[in-house]
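Take a look at the structure set out below.
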Amino acid sequence: CMKMAASMGLGMTTSSRVRSLSSSAHSGHHRSCHLGSCAGSHSSCVTIRRVHATGKHKTRSSASRAAFALPSEVASPQEIAMLAEGLEAPVQVLYLGALLTFLGGAAFFVVRQVLERRELEISAYDLGEKARANVATPQELYELGSILARKKVYSLAVKHLEDALAAMPADDPDGAAVHNALGYAYSKMDMFDLAKEQYEQATEMQPGYVMAWNNLGDVCEKSRQLERAAEAYTETLKFAPENEIAKERLEFVRRRIS
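For the sequence shown, our numbering begins at 517 and goes up steadily by one.
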């Protein structure tokens, strides 16, 4: 038994030694390959490393193909077409809404103009009937003259406005508006001196009548009385410092004078 045990122990020791020697030989052979000192088995080491490199290259190529194949998997042509159709629908709705808004605004403007013109026609007819019957009040004659001036029938407008001035008292507060309207009609008929007289009378009756001062400046410009025009626009700015028309025209007139 002792011999058997000794022999078994010896056998185990020998086997361990064999494995240790084998491992050391392999390690030495591996180090020699790395150091370039092995001769016969060097080709086998190179082959092994080539196999490992080829495996890595294949792995990288597969990963690259997978990366390049990813977009086609995410968005196919059919999906892109569906996405484009989905984007076109809101744009078409916005375009249609803008078009309808524009057409609605244009239609509203046209309808309003037609209604206003129709209303003017009716008012002019009714007031004209009263004027022909000599039953129109000074205010109605003034309204008739203003309507005819808006309709660009200036000669009839002058007639009815003069009738209104003749029928109303001299101190009537509405007289300034009648003088201003009469000056406008004269100005449109290129009768600048008569227009200037009417505007001056309007401003005398109402010194703060901004519209009459601007109209006076305009007619003085047209008749080339630039200094008088500058005075008129200056008066406008005394009562209305933020009046854009007066500021622009005054600057222009001053440049022409200088």
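For every residue, glycine included, the Cβ atom is placed at its ideal position computed from N, Cα and C.
Is DSSP giving residue i helix, strand or coil here?
| i | result |
| --- | --- |
| valine 651 | coil |
| alanine 693 | helix |
| aspartate 642 | helix |
| serine 775 | The question about residue 775 has no answer, for the chain in this structure spans 517 to 774. |
| glycine 620 | helix |
| proline 606 | helix |
| alanine 701 | helix |
| aspartate 688 | coil |
Which residue marks the beginning of the alpha helix (DSSP H) containing residue i, and which one marks its end?
| i | result |
| --- | --- |
| glutamate 747 | 742-755 |
| tyrosine 715 | 708-721 |
| methionine 727 | 726-738 |
| glutamate 764 | 760-773 |
Leaving aside the five residues before and after residue i along the sequence, list all residues of the same chain whose C-beta is less than 8 Å from its C-beta, in chain order.
| i | result |
| --- | --- |
| arginine 666 | Leu636 |
| asparagine 759 | Val726, Asn730, Thr752, Leu753 |
| glutamate 713 | Gly699 |
| alanine 746 | Gly733, Leu766, Val769, Arg770, Ile773 |
| leucine 610 | none |
| alanine 555 | Its pLDDT being 39, under 50, alanine 555 is placed unreliably in this model, and the value from its coordinates should be taken loosely. Cβ within range, chain order: n/a, list empty. |
If you drop the 5 nearest sequence neighbours on each side, which residues of the same chain put their C-beta closer than 7 Å to that of residue i?
| i | result |
| --- | --- |
| glycine 724 | Phe755 |
| alanine 647 | Leu657, Leu660, His676 |
Would you please state the rounded distance, in angstroms, between the beta carbons of residue i and residue j? I believe it to be under 8 Å.
| i | j | result |
| --- | --- | --- |
| alanine 697 | leucine 677 | 6 Å |
| leucine 710 | valine 694 | With a Cβ gap of about 14 Å, leucine 710 and valine 694 do not count as contacting. |
| leucine 732 | glutamate 716 | 7 Å |
| phenylalanine 775 | valine 735 | The structure shown does not extend to residue 775, since the chain is modelled only from 517 to 774, so the question has no answer here. |
| arginine 765 | tyrosine 749 | 5 Å |
| valine 802 | alanine 718 | Outside the shown range of the chain, which is 517 to 774, sits residue 802, and nothing can be said about it. |
Given residue i, which residues of its chain have a CB within under 6 Å of its CB, disregarding the five upstream and five downstream residues?
| i | result |
| --- | --- |
| phenylalanine 625 | none |
| isoleucine 761 | Asn730 |
| glycine 613 | none |
Do the stretch 623-637 and the stretch 647-662 touch if we need at least three Cβ pairs shorter than 8 Å? In short, these stretches do not touch, since the Cβ pair count stays below three.
Three or more C-beta pairs below 8 Å linking the stretch 719-728 and the stretch 737-746: Too few Cβ pairs lie closer than 8 Å, so no.
Meets three-Cβ-pair contact criterion under 8 Å: the stretch 639-651 and the stretch 618-626: No, because fewer than three Cβ pairs between the stretch 639-651 and the stretch 618-626 fall closer than 8 Å, the two stretches do not touch.
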